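Worksheet: one structure, shown below.
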Amino acid sequence: MKSQDIQSFNELLKQLDIENDQVRLRFTLRMLNILVLTLTVIALLIMLIPPFSLPVAYILVAVSIAINGIIEWLIRINREVVGARLFVGWTNIGVVVFMLINTVRLDDIGMTMFAEITPLFVILSGLLLGWGLAGFVAIVNLVIIFLTYVWYFANSGTTRGVFEEATGLFIPVFLYTALVWAAISFYQYQLTTSRYRLNQARSRLIQDKILHHDLEIARSLQQRLFPPSPPLFGNIRIVAYSEPARETSGDVYDFVQLSDGRWAIVVADVTGKSIAAAMVMVMARSILRSYITTEQSPAAILRAANNALYRDGVGSQYVTVFLGILDSSTNMITFATAGHPFPYLRRNGQIQEIGYGSLPLGARLDREYCETTLQFQTGDQLFLLTDGFYETRNAQRKMFGFEQLMIAIDQSDPADPQRALDHLLAVVSQFRGDAEQDDDMTAIIIQVLA
786 MKSQDIQSFN ELLKQLDIEN DQVRLRFTLR MLNILVLTLT VIALLIMLIP
836 PFSLPVAYIL VAVSIAINGI IEWLIRINRE VVGARLFVGW TNIGVVVFML
886 INTVRLDDIG MTMFAEITPL FVILSGLLLG WGLAGFVAIV NLVIIFLTYV
936 WYFANSGTTR GVFEEATGLF IPVFLYTALV WAAISFYQYQ LTTSRYRLNQ
986 ARSRLIQDKI LHHDLEIARS LQQRLFPPSP PLFGNIRIVA YSEPARETSG
1036 DVYDFVQLSD GRWAIVVADV TGKSIAAAMV MVMARSILRS YITTEQSPAA
1086 ILRAANNALY RDGVGSQYVT VFLGILDSST NMITFATAGH PFPYLRRNGQ
1136 IQEIGYGSLP LGARLDREYC ETTLQFQTGD QLFLLTDGFY ETRNAQRKMF
1186 GFEQLMIAID QSDPADPQRA LDHLLAVVSQ FRGDAEQDDD MTAIIIQVLA
């Protein structure tokens, strides 16, 4: 997965968020501007009635209509942020100025009840420009309202005192405004949090897609490491199978022809199912191939490969291996194992494990490996399996196990290795059911024909 791909995607998300915010702000501002313009026109019509005609009001209405036009122009040229600031500032100032003019001119404290609608502008500020500006508008409005109350009671007289009277009217407005600001701030916080979570989810989705794409490429490249088909011999037939549990595999099988005509047969399994396991598998395959062409025996090959992997520091990614040298001219195979499941030999209806155990490759330096030589007889079947077969689990987490594996081998076709393999896979798959495949499964079956 390329880090620049993720970075580019995150930058794209930020750009989309900015564009979405601009579209949302443009639409909201235009609707509010039309609403205020409509109310202004209605107010103008009302002021044509003589009792409501005030020269100052005409001036305010004219200025308001002009500003509405400027705001629409700013929206059209994509300067919606400037338009939003102008809209919030003017509507707020217009109401406050109208309140002050009527309070001073008519000397009526009732006109200050316009203060009760000032929290509306806190809401507008929060919706259009964020909670920070909403808080600033709230503070400015509250200061103006409180000073208006103080001025009124200082000039009209009071029996309780200017501060007490002003505070008595101011506290409800203050609480209302503070509550509105808290609500709009919480709304903006929730909106920001939701957007962040959405972007995180989008980012993870794209990362998963990029990772899946890269893993598919890795799987395709890894599959090319497997031989296209097993080698063909006169009276020996070989079938092979490998199925990864994930996109990439820690299992591998290989066939390497030696200079004297014999064939090296390899089945290997790297512990774990991660990308690291797949990388160690590729490295182990390369190391084994290099020593197969230079060393004389399976034990010597495993010893050299073990030391190479140990020195390369594979850590906990050990490699279990079956390595056999098959001589088709004599129907004889000499093999050694390194921490790998023992081969199963079916002969004359009997099934037995053969070979000697040892530690996996990469576990300890300078390990010695024991060899076993098997003289094939007509009808023999040799099963080379990885632990993915007997470690298969079903939905109840019950393991398939050695006993059921032996039964499955016993019930498979003794004369056809492909049908025997198909039977094993079918039995294991039926046992697993809908459960996810936990481990890679690799098998080679060698059949000696009549």
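Residue numbers (the working numbering): 786 to 1235. Even glycine gets a Cβ: it sits at the ideal position worked out from N, Cα and C. Predicted model only: the values in this text are computed from it and were never measured.
Q: Apply the 10 Å Cβ neighbour rule to W1048 and answer buried if 16 or more other Cβ atoms are within range, or exposed otherwise.
A: If you number the sequence shown from 1, residue 1048 lands on position 263. Flag for W1048 reads buried.
**Q.** Buried versus exposed call for D1045 [16 or more other C-beta atoms within 10 Å across all chains shown]
**A.** Looking up residue 1045 in the sequence shown gives position 260. The residue is exposed, with fewer than 16 neighbouring Cβ atoms inside 10 Å.
Q. DSSP three-state call for D1036: helix, strand or coil?
A. Translated into positions along the sequence shown, residue 1036 becomes position 251. In this structure, D1036 counts as strand in the three-state DSSP scheme.
**Q.** beta strand (DSSP E) segment containing I1118, residue limits
**A.** Position 333 of the sequence shown, counted from the first residue, corresponds to residue 1118. Looking at the DSSP string, the run of the beta strand (DSSP E) that includes I1118 is 1117-1123.
Q. For the candidate residues A1148, F1107, N818, whose alpha-carbon lies nearest to that of T1157?
A. Taking the sequence shown and counting its residues from 1, one reaches residue 1157 at position 372. That would be F1107, whose Cα lies nearest to the Cα of T1157.
Q: Leaving out five residues on either side along the sequence, give the residues of the same chain with a beta carbon under 8 Å from the beta carbon of E1254.
A: Since the first residue of the chain shown is 786 and the last is 1235, residue 1254 is not available in this structure.
Q.
Counting C-beta neighbours from all protein chains within 10 Å, is the total for T1265 16 or more, i.e. buried, or is it exposed?
A. The chain is shown from 786 up to 1235; residue 1265 falls before or after that span and cannot be answered.
(Q) Does I856 pass the burial test, meaning 16 or more other C-beta atoms within 10 Å, or should it be called exposed? (A) Residue 856 sits at position 71 when you count from the first residue of the sequence shown. With 16 or more neighbouring CB atoms inside 10 Å of its own CB, I856 falls in the buried class.
(Q) Under 8 Å: do the stretch 1155-1169 and the stretch 1125-1133 share three or more Cβ pairs, one atom per stretch? (A) Short answer: they touch.
Q: Quick one: give me the first and last residue of the alpha helix (DSSP H) that E1080 is part of.
A: As a first step, residue 1080 must be located in the sequence shown, where it is residue number 295. Where E1080 is concerned, there is no enclosing alpha helix (DSSP H), given that its DSSP letter is neither H nor E.
Q. Looking only at its own chain, which residues have a Cβ that is under 8 Å from the Cβ of N1092, when we skip the five neighbours before and after it?
A. Locating residue 1092 in the sequence shown gives position 307, where the first residue counts as 1. Correct list, in chain order: L1150, D1151.
Q) So is T1122 buried or exposed if we call it buried at 16+ other beta carbons inside 10 Å? A) Mapped onto the sequence shown, residue 1122 falls at position 337. So T1122 counts as buried.
Q.
Am I right that G1109 and I1050 are in contact with their C-beta atoms under 8 Å? What's the rounded C-beta distance?
A. Stepping through the sequence shown from its first residue, residue 1109 is reached at position 324. Stepping through the sequence shown from its first residue, residue 1050 is reached at position 265. Contact between G1109 and I1050 holds: CB atoms are separated by about 5 Å, below the 8 Å threshold.
Q. Would you report the Cα separation of A1235 and S1113, rounded to the nearest angstrom?
A. Here residue 1235 refers to the residue found at position 450 when the sequence shown is read from its first residue. Here residue 1113 refers to the residue found at position 328 when the sequence shown is read from its first residue. Annotation: A1235 to S1113 spans about 14 Å, alpha carbon to alpha carbon.
Q. DSSP beta-bridge partners for R1022?
A. In the sequence shown, residue 1022 corresponds to position 237, counting from 1. R1022 has Q1232 as its beta-bridge partners, per DSSP.
Q: Whole angstroms is fine: what's the gap from M786's alpha carbon to P1083's?
A: Mapped onto the sequence shown, residue 786 falls at position 1. Mapped onto the sequence shown, residue 1083 falls at position 298. Annotation note: pLDDT 46 at M786 (below 50); position unreliable, coordinate value reported separately. Computed Cα separation, rounded: 38 Å.
Q | Status (buried if at least 16 other CB within 10 Å, exposed otherwise) for G868 | A | As a first step, residue 868 is located in the sequence shown; it is residue number 83 there, counting from the start. That one is buried.
(Q) Taking the beta carbon of L1230 as the centre, do at least 16 other beta carbons fall within 10 Å, making it buried, or is it exposed? (A) Counted from its first residue, the sequence shown places residue 1230 at position 445. Residue 1230 is actually Ile in this sequence, not Leu. With a threshold of 16 other beta carbon atoms within 10 Å, I1230 meets it and is buried.
Q.
The beta strand (DSSP E) that contains Q1166, what's its start and end?
A. Counting from 1 along the sequence shown, the entry for residue 1166 is found at position 381. The continuous beta strand (DSSP E) containing Q1166 extends over residues 1166-1170.
Q) For G1140 versus F1161, is the C-beta distance shorter than 8 Å? A) The sequence position of residue 1140 within the sequence shown is 355, counting from 1. The sequence position of residue 1161 within the sequence shown is 376, counting from 1. Result no, Cβ atoms of G1140 and F1161 do not sit closer than 8 Å.
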